[in-house]
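What follows is a short report on a single structure.
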Amino acid sequence: MRAIQYAAPRSLSDAVAILQERGSKARILAGGTDLIVQVGENVRDVDTLVDGKRIPELMEISFDLVTGLTLGAAVPCYRIYEHPEIKSHYSGLVDSASIIGGTGIQGRASVGGNLCNSGPAGDTIPVLIAYSATARILGANGERTVAVEDFCTAPGRNILQPDELLVSIHFPAPPAHFGAAYLRFIPRNEMDIAVVGVGASLSLDEDGNIATARIALAAVAPKPLYAPEVGYFLQGKAPSTEVFAEAGDIARSLVTPISDMRGTAAHRKHLTGVLVRRALQRAFERARA
Amino acid sequence: MATQIVSGKTAITATINGEARDWLCEPRQTLLEVLRDTLGLTGSKEGCSNGNCGACNVIMDGRLVNTCCVLAVEADETEITTVEGLATSDGLSTLQQNFIEGAGLQCGFCTPGFLVSTKALLDKNPNPTDEEIRWWLAGNLCRCTGYDKILSAIKKTIAETNAS
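Taken in order, these protein sequences are the chains called A and B.
Per the working numbering, the first sequence runs over residues 273 to 561.
Per the working numbering, the second sequence runs over residues 383 to 546.
Given below as structure tokens:
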């Protein structure tokens with residue numbers, strides 16, 4: 273690795289001051305499982321790593337049934353899937369956190385880092401969108417909150433300004449009769465990048481019909497893709513395999529995948545339909561439970 | 383600004399295999415590099431340098447990590463177990479002995495990672511199922527054994543630990 277500089281601020285204000293001083297070549301370091309590799313391979317033009325893991329707000333998990341879940345941007349995956357309240361209330365998030373890399377990666381890698389890495393195939397991003405999660409961003413000019421579906425802009429790029437950092441991700445309190453799930457297709461059972469990934473959520477009304485539904489997809493567009501059309505279609509319908517399959521057909525018509533070594537565009541379109549159906553089915557089973 | 387930005391060599395202190403160690407390193411150095419080249423702990427191997435193979439696995443503050451994806455400066459004030467920490471003065475650990483006896487290795491390059499990763503698993507879950515073992519070890523790649531003999535060595539270790 274070429275020479276870099278390193279700082280480990282203990283407060284948000286110190287971190288923002290460093291980002292402001294260093295400009296666009298400074299980047300927040302969370303788990304480092306993407307960033308350290310990218311710097312080592314000269315894929316990202318970074319000269320200063322600002323370690324976020326000593327800033328309390330970035331390492332915080334807080335939950336209550338009224339306000340929901342706040343997940344610090346640098347919290348590693350294992351703390352998510354070992355957290356009793358996250359396990360019982362946000363099983364779709366657990367789906368994602370438990371399939372990123374292997375155990376060693378999950379010991380460091382964070383959901384906030386996955387979001388800021390902004391890869392089109394990022395495994396946590398679709399489910400964040402399905403949960404209507406929001407990103408809390410802090411910069412030299414203050415704070416702003418952005419819906420996760422508006423965070424990524426292109427492969428590896430996002431809306432963060434050079435002086436800004438992601439503090440945390442906020443998940444609304446889970447409504448009654450609500451379920452979410454993340455499913456991905458990879459050629460083996462684990463340790464691979466999604467050929468297609470689908471995050472789905474739905475809630476049921478008193479009659480058991482679909483009140484709301486949200487679908488987002490990974491690896492089928494230049495950025496994680498929110499597909500509101502699928503949600504509109506599902507609203508008010510009675511949940512069934514046929515309806516979920518139809519939702520998959522709609523999603524298939526929305527995606528614009530590329531062909532690469534992981535799969536052809538046609539294969540990805542096919543997988544989109546299958547995974548949307550299955551992810552909705554799983555979200556539905558959880559909503560009903 | 384209160385926070386220091388480090389560019390040159392920095393003094394880092396950590397507990398490695400129960401011993402207090404300190405070293406000087408630059409921010410660009412990975413923990414793997416420092417373990418091997420500065421501290422002489424060459425058990426941890428550099429396989430892929432990008433988090434895919436697990437040959438550089440150590441246990442850091444109770445969690446399995448890939449040291450090729452950790453900066454040595456990040457290891458300040460941590461507690462680390464490397465493969466060198468598995469054996470005792472009485473000899474190899476049961477797990478290590480069973481890897482040898484059951485041919486859980488051929489070329490041996492991935493073995494330190496498998497041993498450390500398995501230790502992390504058994505510390506947390508002393509009686510894992512086959513599926514749990516395989517899932518846990520998904521981040522450790524072996525191109526020789528086909529994994530089955532690794533699995534039997536681990537299961538033999540579990541059985542022996544339970545019997546003792």
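Note that CB positions come from ideal geometry on N, CA and C, so glycine has one too.
Hey, could you find the ends of the alpha helix (DSSP H) residue i is sitting in?
| i | result |
| --- | --- |
| A:Ala402 | 397 to 402 |
| A:Asn389 | 383 to 389 |
| A:Cys563 | Given a span of 273 to 561 for chain A in the structure shown, any question on residue 563 of chain A remains unanswerable. |
| A:Tyr504 | 500 to 506 |
| A:Arg408 | Not the alpha helix (DSSP H): A:Arg408 falls in the beta strand (DSSP E), residues 406 to 411. |
| B:Leu477 | 476 to 483 |
| A:Ala559 | 537 to 560 |
| B:Phe496 | 493 to 506 |
| A:Thr217 | Within the shown structure, residues of chain A are numbered from 273 to 561, placing residue 217 of chain A beyond reach of any answer. |
| A:Ile356 | With the sequence shown as reference, residue 356 of chain A is identified as Pro, and Ile is not the correct amino acid for it. Unbroken alpha helix (DSSP H) run through A:Pro356: 356 to 361. |
Name, in chain order, the residues that DSSP records as bridge partners for residue i.
| i | result |
| --- | --- |
| A:Ser473 | A:Ala452, A:Arg486 |
| A:Arg299 | A:Leu321 |
| A:Val418 | A:Ala407 |
| A:Cys424 | A:Asn430 |
| A:Val467 | In DSSP, A:Val467 forms no bridge with anything. |
| B:Gly461 | Per the sequence shown, residue 461 of chain B should be read as Glu rather than Gly. Its beta-bridge partners are B:Thr397. |
| A:Asp336 | A:Gly340 |
| B:Leu453 | B:Thr412 |
| A:Ile497 | Just to set this straight, residue 497 of chain A is Leu in the shown sequence, not Ile. Partner(s): A:Leu489. |
Are the C-beta of residue i and some C-beta of chain B separated by less than 8 Å?
| i | result |
| --- | --- |
| A:Val309 | yes |
| A:Leu321 | yes |
| A:Asp286 | yes |
| A:Gly312 | yes |
| A:Ala302 | no |
| A:Ala279 | yes |
| A:Ala523 | no |
| A:Ala346 | no |
| A:Gly374 | yes |
| A:Thr528 | no |
| A:Tyr454 | no |
| A:Thr305 | yes |
| A:Tyr403 | no |
Is DSSP giving residue i helix, strand or coil here?
| i | result |
| --- | --- |
| A:Met331 | helix |
| B:Arg403 | strand |
| A:Ala519 | helix |
| A:Leu430 | Here residue 430 of chain A is Asn; the residue named in the question, Leu, does not match the sequence. It is a strand residue. |
| B:Val447 | strand |
| B:Asn439 | strand |
| A:Gln277 | strand |
| B:Glu466 | helix |
| A:Ile290 | helix |
| B:Thr392 | strand |
| B:Asp419 | helix |
| B:Glu514 | helix |
| B:Leu413 | helix |
| A:Asp532 | strand |
| B:Gly521 | helix |
| A:Gly364 | helix |
Output yes if chain A places a C-beta closer than 8 Å to the C-beta of residue i; else output no.
| i | result |
| --- | --- |
| B:Cys451 | yes |
| B:Glu463 | Going by the sequence as given, residue 463 of chain B is Thr instead of Glu. For B:Thr463, the answer is no, since every Cβ of chain A falls outside 8 Å of its Cβ. |
| B:Ser426 | no |
| B:Thr397 | no |
| B:Val388 | yes |
| B:Lys445 | The displayed chain sequence assigns Arg, not Lys, to residue 445 of chain B. Yes - at least one Cβ of chain A is within 8 Å of the one on B:Arg445. |
| B:Ala437 | no |
| B:Val416 | no |
| B:Ile534 | Residue 534 of chain B is actually Ser in this sequence, not Ile. So, not an interface residue. |
| B:Pro508 | no |
| B:Thr527 | no |
| B:Gly433 | yes |
| B:Trp480 | Looking at the sequence itself, residue 480 of chain B is Asn, so the reference to Trp does not match. Cβ-Cβ to chain A under 8 Å: no for B:Asn480. |
| B:Gly521 | yes |
Relative to the ligand NAP, is the shortest distance from any of its heavy atoms to the C-beta of residue i smaller than 7 Å?
| i | result |
| --- | --- |
| A:Glu421 | This structure does not include the ligand NAP; it has no bound ligands of any sort. |
Could you spell out the range, first to last residue, of the beta strand (DSSP E) harbouring residue i?
| i | result |
| --- | --- |
| A:Leu438 | 437 to 443 |
| B:Thr539 | Element bounds for B:Thr539: not the beta strand (DSSP E) but the alpha helix (DSSP H), 530 to 545. |
| A:Gly312 | Taken as a continuous stretch (DSSP letters only), A:Gly312 belongs to no beta strand (DSSP E), being part of the alpha helix (DSSP H) at 307 to 312. |
| A:Gly340 | 340 to 344 |
message: Can you confirm whether the region 274 to 284 of chain A touches the region 388 to 402 of chain B when touching is taken to mean that 3 or more C-beta pairs between the two stretches lie within less than 8 Å?
response: Enough Cβ pairs lie closer than 8 Å, so yes.
- request: Flag this pair as touching only if the region 421 to 441 of chain A and the region 503 to 518 of chain A have three or more C-beta atom pairs under 8 Å; answer yes or no.
  value: No, because fewer than three Cβ pairs between the region 421 to 441 of chain A and the region 503 to 518 of chain A fall closer than 8 Å, the two stretches do not touch.
- prompt: Counting Cβ pairs, one atom from each stretch, are 3 or more of them under 8 Å apart for the region 295 to 306 of chain A and the region 446 to 455 of chain A?
  reply: Contact between the region 295 to 306 of chain A and the region 446 to 455 of chain A is absent, because fewer than three Cβ pairs lie under 8 Å.
task: Examine the Cβ distances between the region 484 to 497 of chain A and the region 386 to 403 of chain A and report whether three or more of them are shorter than 8 Å.
output: Touching, yes, given that three or more Cβ pairs across the two stretches are closer than 8 Å.
task: Determine, using beta-carbon pairs with one atom in the region 527 to 541 of chain B and one in the region 482 to 492 of chain B, whether at least three such pairs fall under 8 Å.
output: Yes, since at least three Cβ pairs between the region 527 to 541 of chain B and the region 482 to 492 of chain B fall closer than 8 Å, the two stretches touch.
message: With three or more beta-carbon pairs closer than 8 Å as the criterion, would you say the region 357 to 376 of chain A touches the region 290 to 298 of chain A?
response: No, they do not touch.
- prompt: Contact between the region 421 to 433 of chain B and the region 450 to 459 of chain B: three or more CB pairs below 8 Å?
  reply: Result yes; three or more Cβ-Cβ pairs closer than 8 Å.
The region 400 to 415 of chain A contacting the region 434 to 444 of chain A, beta-carbon criterion three pairs below 8 Å: Touching, yes, given that three or more Cβ pairs across the two stretches are closer than 8 Å.
task: Pair every Cβ in the region 374 to 384 of chain A with every Cβ in the region 346 to 356 of chain A, then say whether three or more of these pairs are closer than 8 Å.
output: The region 374 to 384 of chain A is in contact with the region 346 to 356 of chain A.
query: Between the region 506 to 516 of chain B and the region 452 to 466 of chain B, are three or more C-beta pairs nearer than 8 Å?
result: These segments do not touch.
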